[in-house]
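Report on the following structure.
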Amino acid sequence: MTKAAPPQSRRGGGTDRLPVPALSIAVIAIAFFSLPFLGLLWRAPWSKAWDVLTEESVRTALRLSIECSLWATLLALFFGVPLAWLLARVDFPGRSLVRALCTLSMVLPPVVGGVALFFSFGRRGLFGQYLDRWFDFRLPFTTRGVVVAQTFVAMPFLVLTVEAALRQLDRRYEDAARTLGGSRWYVFRRVTLPTVRPALIAGAVLAWARALGEFGATITFAGNFPGTTQTMPLATYLALESNPDEALILSLVLIAVSFAVLVGLRDRWLGGTGAAATR
Amino acid sequence: MTVHADIGIALGAFELQVELSVHPGEVLAILGPNGAGKSTVLRALAGLLPIDRGRISIDAAVLDDPAGRVFIPPELRPIGVVFQDYLLFAHLTALENVAFGLRSRGMPRAEAREVAHAWLDRVGLSDHASHRPRALSGGQAQRVALARALATDPRLLLLDEPLAALDAGTRTGVRRDLRRHLDSFDGMRVLVTHDPVDAYALADRIAILDSGRVAQVGTISEVTAHPRSRYVAELVGTNLVLGVVSGGVMTTSDGVHVVIADAQSGQSFAVIRPQAIALSRHPSPDSSVRNVWPGVVGDIDRLGDRVRVGFEGPIRLVAEVTAAALQSLDLRPGDAVHASVKATDIEAYLA
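Protein chains in written order, with numbering that gives the first Met the number 0: chain B, 0 to 278; chain W, 0 to 350.
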């Protein structure tokens, strides 16, 4: 190995080396991302960590966060994949308007999204009043409301990722499957979805990460009730006022969970369709 | 079992109007350059592109008839397709690819795998059943694609440029294998290719397509011996002259005389095989050759030990000579040269 390495590394180094100005700017960017975490780690009251983590309220918030974000991811997959397919494949008038509408919540301040949800699905909202009156079904200030708020802001990430993959897909494979006797639905399940699987997973991870970190829409629409709507980001923010040490520990837990998932999935799934397909 | 297809399709400015029939047990090759509409014909037959006018039927079953509001979708047609680039599903193994058509028709998994195994065995790839398409060579992928298309027991097999994805080194062997596998399937087969060599090697009859129209249909020997347009002649690699014959002499529209041996009179074609044309720097005055034209050398193309030499004279011809002959004549593009053809080497037939 050591014998073969030098010529290869020399060749690779020649083509891959960035010009010095770009390299130094990239290093600054890396520092920009890592310094806040260093600050957090440095200030963390490690001695109190165990006490905080075993607190009932913290465990509840963590459990709620994980449950709600997973539900939001499932809903985003269930509704987002057909939506992505529609946007990618069906040429209807006003398609770009619909796409803009369905991805608006990605660029809106989440609080605005929460306000919008509140005035349509709140108890006095345009639709919410009927849900309440006819079905006795309430979204605001419930755990369901947390899931709705998270889905609202997280689904666009999945839709855009999957739509891009569906556009890039070589449709001749679907033609081939049709000539083999596959109905449109069978071909969609057996050829289209497996082919865009890397994008499905990447989109689901992005949506999940967004849902896990969701704060603004949740607190506006679902409120901040420990045990029903208080997720980790909410608990962290409130702890910052009363008990900064606890806020630090909670932040570290969120960081650890997110970082573990990103590192675990990145190489396998987020490296593009090519890397995933060689699996 | 017969396929009748009268296909009219308008794709923007391109218009396709093709009438074809495929007879039981035969291989029909659709031959033509890129853009002639070959793949469009194939897609229409497979049901991937509905036709605008005309009618497609297999025996008594109508597959597409816009006037009669009939359109059978591809998954319900008794047609198998081997696509260009084979299009094997990358997320499935070779075996699962072959079983795909059976599974989509509702065959239970175990039975489908068994049938697929038998097909892989038949194309000599049972050792590769668990391989992904990525791990197969071009020739192996082609055989998997063929097994996949045949596993559903179609009555018509369509092949789109089955050899175009292969490099020159493996083509000959794969072509021979393909011929063998095609022979073992007794349904009707339609092959689309831009390469006359593939058409000759694999087909019984050829239909030559030129910008959306059928230029000529016939057995290979008919078409090569009696091309009926300059386009077909060029495609099959021979020279065609059109003119009026009277008293053993053909006169072209440019007024050039070609002495022929055949006796019929009237508007005729004359085929002059490139191998029948002799090139010389000076005409020999005491020769028995009846046709001698002065001209200049055009393009020179080497094909192995043979050379195709363009001749620009009163008529344009392509002559085929050996590389050694070319070398001893020392001909270069632009050199003055004489082309001569014996009257008995020219075959004339009525237009």
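Here a beta-carbon is modelled for each residue, glycine too, at the ideal position from N, C-alpha and C.
The segment 272-284 of chain W and the segment 313-321 of chain W touch, with no fewer than 3 CB-CB distances between them shorter than 8 Å. Cβ contact annotation for E173 of chain B (same chain, cutoff 7 Å, sequence separation greater than five): V186, V190 and T191, in chain order.
By the criterion of a C-beta distance shorter than 7 Å, G121 of chain B is surrounded in its chain by G127 and P139, once the five residues flanking it on both sides are discounted.
Looking at the DSSP output, P293 of chain W bridges to W:H337. Three or more beta-carbon pairs separated by less than 8 Å are not found between the segment 138-153 of chain W and the segment 17-33 of chain W, which leaves the two stretches without contact.
Partner residues in the beta bridge of R305 of chain W, as assigned by DSSP, are W:L302 and W:T321.
Under DSSP, the beta-bridge partners assigned to N238 of chain W are W:I271. In this structure Y85 of chain W touches Q141 of chain W by the C-beta definition: roughly 6 Å separates them, less than 8 Å.
The C-alpha of G79 of chain B is placed about 20 Å away from the C-alpha of R170 of chain B. Bounds of any beta strand (DSSP E) do not take in F134 of chain B; it lies within the alpha helix (DSSP H) bounded by G127 to F134. Each of W:V26, W:P332, W:F88 and W:I345 was checked against the Cα of L177 of chain W, and the nearest Cα belongs to W:V26. In the DSSP secondary-structure assignment, A4 of chain W is bridged to W:L19 and W:I55. Out of B:A246, B:M154, B:V89 and B:V114, the CA that lies nearest to the CA of A221 of chain B is found in B:V114. C-alpha of V173 of chain W to C-alpha of L162 of chain W: approximately 8 Å in a straight line. If the five residues before and after A324 of chain W are omitted, its C-beta is found closer than 7 Å to no C-beta atom of its own chain. If you ignore the 5 residues before and after L249 of chain B, its C-beta comes within less than 7 Å of the C-beta of V57, M231, A234, T235 and A238, all in its own chain and listed in chain order. V222 of chain W is positioned such that its CB atom lies no closer than 8 Å to that of V213 of chain W. Within the segment 73-95 of chain W, contact with chain B at the beta-carbon level (separation under 9 Å) is assigned to P73, E74, L75, R76, I78, G79, V80, F82, Q83, D84, Y85, L86, L87, F88, A89, H90 and L91. For the pair S68 of chain B and S183 of chain W, the Cα-to-Cα distance works out to about 58 Å.
Across the structure, F156 of chain B and S104 of chain B are spaced so that their CA atoms are roughly 10 Å apart. Under the criterion of beta carbons closer than 8 Å, V51 of chain B and E245 of chain B qualify as touching, at roughly 5 Å. Beta-bridge pairing by DSSP links G265 of chain W to W:V244. Interface annotation for the segment 92-125 of chain W against chain B: F99, G100, S103 and R104, criterion Cβ-Cβ distance under 7 Å. Boundaries of the alpha helix (DSSP H) harbouring T219 of chain B: G215 to F220, taken from the DSSP string. Taking C-beta separations shorter than 7 Å and ignoring five residues to either side along the sequence, the partners of L181 of chain W in its chain run V26, R188 and L201, following chain order. Non-local C-beta neighbours of L48 of chain W in its own chain, meaning closer than 8 Å and more than five positions away in sequence, comprise I8, T39 and R42, ordered along the chain.
Close to A201 of chain B, with beta-carbon spacing below 7 Å, lies no residue of chain W; the smallest spacing is near 16 Å. The beta carbon of T151 of chain W falls within 8 Å of a beta carbon belonging to chain B, placing the residue at that interface. Per DSSP, E113 of chain W lies in no beta strand (DSSP E) segment; the continuous alpha helix (DSSP H) that holds it begins and ends at R108 to R121.
In the three-state reduction of the DSSP assignment, E54 of chain B falls in the coil class, being assigned neither a helical nor a strand state. Annotated three-state conformation of D203 of chain W is coil, per DSSP. If you check each beta-carbon in the segment 154-188 of chain B against every beta-carbon of chain W, the ones closer than 9 Å belong to D169, R171, Y172, D174, A175, A176, R177, T178, L179, G180, G181, S182, R183, Y185 and V186.
Sixteen is the threshold: when 16 or more other Cβ atoms of the shown chains lie within 10 Å of the Cβ of T92 of chain W, as they do, the residue is buried.
At a cut-off of 8 Å, the C-beta of V89 of chain B has no neighbouring C-beta in chain W. Between A71 of chain B and A210 of chain B a beta carbon distance of about 4 Å is seen, short of the 8 Å cut, so the two are scored as contacting. E95 of chain W and I271 of chain W have their C-alpha atoms roughly 52 Å apart.
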